[in-house]
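Per numbering that gives the first Met the number 0, the very first residue in the sequence shown carries number 0; after that it's consecutive.
Even for Gly, the Cβ is constructed at its ideal location relative to N, Cα and C.
The block underneath contains the structure these notes are about, expressed in C-alpha cells.
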Amino acid sequence: MCLISVCALILWLYEPKLYSDVFRFMLFPLGLVWLLQKRYILLKYFIVITAVILGIAFVCKYTFFYMANYFMDNVWVENIAHIAKRPINGEFKGFPSGHTTAAFIAAAFAWQYMSKKWGIFFIFLAFMVGYARIISLWHTPIQVCAGALLGFVGSLVFISFINKKPKVQH
C-alpha cells in the first residue's frame, strides 16, 4: 500500500490529469490479484458488473451526445443536455465521468471483498481521480459525482444481488 501511495502522490504532483488517466485502471490490478488468488467466481462477477456499469455510463454519455447533436432546437433537451457539456472543449460527452465510474467500481469491490483498510484506500484513490478530472477541466463536479455514485452504489447494488442469489444444491 505504501508503494502505491508514493506512486500516486508522485503522479498527482507531476500531473493530476495523468494521475486520473492511470488510476482509472485500478480495475486491472484488482482483477489480477483475484486471478492470482484463484478467486475465479469473484473475478467473473467483477468482470460482468464492471462491464454492465461501464456500459450504463457510456450509454448515458452517448445518449446526451446524440441528444445534443440532433435535438438541441428543443429547449427542454438543451437544458438536459447541458449537464453533459465538458468544461474544456464543450463536447457533450461528459456525463457521467467514465474515469470516476471505473475508479469507484474498483473502490466498491475493494470495500466489499478486501479489508476495510484497503477499501478506504481505494475510495481515497478513486476520490482523487474524480478531483483530478475536475481540476483538469474535463468534468464538472456534477459529472464526477454522478460517475462516483454510478460506480460505487451501482457496484454495491449488483454485489448485494449476487450475494443474495440462492445457491444450487447438488
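_Give me, in chain order, the residues of the same chain whose beta-carbon lies closer than 7 Å to that of S154; leave out the 5 immediate sequence neighbours on both sides._
Only I48, I52, I104, A107 and F108 meet the Cβ criterion.
Determine the extent of the alpha helix (DSSP H) in which A106 is found, giving its start and end residues.
-> Element bounds for A106: G97 to Y112.
- Residue span of the alpha helix (DSSP H) that contains L17, given as start and end: Residue range P15 to F22 is occupied by the alpha helix (DSSP H) that includes L17.
Item to complete: Give the single residue among F120, S135 and V152 whose Cα lies nearest to the Cα of M25.
Response: With distances taken between Cα atoms, M25 lies closest to F120.
Count the CB pairs spanning the region 123-137 and the region 67-82 that are closer than 8 Å, and state whether there are at least three.
As far as the Cβ criterion goes, the region 123-137 does not touch the region 67-82, which means the pair count is below three.
message = Assuming contact is defined by CB atoms lying nearer than 9 Å, are I82 and F64 in contact in what I supplied?
response = In this structure, the beta-carbon distance from I82 to F64 does not fall below 9 Å.
Measuring straight from C-alpha to C-alpha, what distance separates I134 and L8?
Approximately 16 Å, taken between the alpha carbons.
Checklist entry - In its own chain, which residues sit with a C-beta less than 6 Å from the C-beta of W110, not counting the 5 before and 5 after it? => result Spatial neighbours of W110 in its own chain (CB-CB distance under 6 Å, excluding positions within 5 residues in sequence) are listed in chain order as G118.
According to DSSP, is T49 part of a helix, a strand, or is it coil?
Helix, per DSSP.
- Item | Boundaries (first-last residue) of the alpha helix (DSSP H) holding S159 | S159 -> alpha helix (DSSP H) spans P140 to N162.
Just to confirm the assignment, what range does the alpha helix (DSSP H) spanning L34 have?
Note, L34: alpha helix (DSSP H), L26 to L35.
Just the C-alpha distance for I87 and I3, rounded to the nearest angstrom, thanks. Straight across, the Cα-Cα distance linking I87 with I3 is about 29 Å.
Could you round the C-beta distance between A67 and A80 to whole angstroms and report it? I think they count as a contact, below 8 Å. Rounded, the Cβ-Cβ distance is 4 Å, consistent with contact.
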